[in-house]
Amino acid sequence: MKLIRWKKGDKTFPGIIQNEQYYDASALKEDYNEEFFETGGLSRLKAFLDKNKGNLIRLEEPVIFASPVARPSKIVCIGLNYADHARETKAQPPPEPVIFLKSTTALTGPFDPIIIPKNSRKTDWEVELAIVMAKKASYLQESEALDFVAGYCLHNDVSEREFQIERSGTWDKGKGCDSFAPLGPFLATPDEIPDINQLRLWLKVNGKTMQDGNTANLIFKIPFLISYISQFMTLLPGDIISTGTPAGVGLGMNPPVYLSPGDIVELGIDGLGVSRQKLVSYGFPPVT
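In my numbering, the protein residues as written are 209 to 496.
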């Protein structure tokens, strides 16, 4: 299944993609949130779709997409998980996964604008494969980790490099700014992805290809990452794990290149769709 959340006015509704068409799933009377995943919501959604086959209401286009997952308890990210990205940032590939958190207030829809933070000079891009958890997980074995996955999403791990690297402390302050986690356009359940270790991921800025990688080159593979993270924190249903980015970020260029108002970022992953974000200055649209 491919799950979407869509917006009408200030309200958000669940939906589904079938045969490349968008359909309303509001009659399920559930949102795609922690409770949904924790209580077997994917099975209920499948039963709902089977029961209502041919009777679903098709959404009028253009569809306005929200994040495919309602606000998770946390967004866990992995740094330097592609050797080529580590090299371009003059870092050594880590002996163990680098873990940091993005704030849940960073989460936005796949076509929402990226807001360049107040006083930012070095806003950067990172295309990443994201995992969505289906069940509560603590101290998992690597062999059982994939049984706890609800699905996969496209994620742009937007980063402010000055805040992240030059302002002391942890990376988190450059990772969790508002709008810094565009997710989607949809969540694909594992059956939709034949081989999670063979997915091309790419990103363009103003039409120019900046990143072109493949999940085959992950240093730490997905089952290991889920197991590893679960040794340090309990993962809850609906939590997001972002698995790292390949080479081609602005920080790694000589000289570095960063995003400016009006720039357009487009990104995609095989089987997980394409997203597009326009860069806007802080305060435009007005911050409320």
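All residues carry an ideal CB built from backbone N, CA and C; glycine is no exception. No experiment lies behind these values; they were computed from the predicted model shown.
Can you check DSSP and say which residues form a bridge with residue i?
| i | result |
| --- | --- |
| residue 390 | 316 |
| residue 404 | Looking at the DSSP assignment, residue 404 forms no beta bridge with any residue, so it has no partner. |
| residue 345 | 443 |
| residue 282 | Partner(s): none; residue 282 has no beta bridge. |
| residue 425 | According to DSSP, residue 425 bridges with nothing at all. |
| residue 309 | 284 |
By the three-class DSSP mapping on this structure, what secondary structure does residue i have?
| i | result |
| --- | --- |
| residue 560 | Examination of residue 560 is not possible in this model, given that the chain is present from 209 through 496 alone. |
| residue 337 | strand |
| residue 358 | strand |
| residue 331 | strand |
| residue 460 | helix |
| residue 372 | helix |
| residue 220 | strand |
| residue 326 | coil |
| residue 231 | strand |
| residue 159 | Nothing about residue 159 can be read from this structure; the chain reaches only from 209 to 496. |
| residue 381 | helix |
| residue 414 | coil |
| residue 490 | coil |
| residue 351 | helix |
| residue 367 | strand |
| residue 211 | strand |
| residue 409 | strand |
Run the CB neighbour count on residue i, radius 10 Å, all protein chains shown included, and call it buried at 16 or more, exposed below.
| i | result |
| --- | --- |
| residue 274 | buried |
| residue 419 | buried |
| residue 242 | buried |
| residue 225 | buried |
| residue 289 | buried |
| residue 175 | Absent from the model: residue 175. The displayed extent of the chain is 209 to 496, so no value can be given. |
| residue 213 | buried |
| residue 458 | buried |
| residue 468 | exposed |
| residue 174 | For residue 174 there is no data in the structure shown, the boundaries of the chain being 209 and 496. |
| residue 417 | exposed |
| residue 230 | buried |
| residue 268 | exposed |
| residue 364 | buried |
What residue range is occupied by the uninterrupted alpha helix (DSSP H) comprising residue i?
| i | result |
| --- | --- |
| residue 292 | 291-296 |
| residue 438 | 430-438 |
Quick check on the DSSP output: the beta strand (DSSP E) that includes residue i runs from which residue to which?
| i | result |
| --- | --- |
| residue 481 | Note, residue 481: premise wrong, no beta strand (DSSP E); not H, not E. |
| residue 450 | 448-450 |
| residue 476 | 472-477 |
* Length at least 4, wholly inside the segment 235-273: the alpha helix (DSSP H) runs in chain order -> 242-246, 249-259
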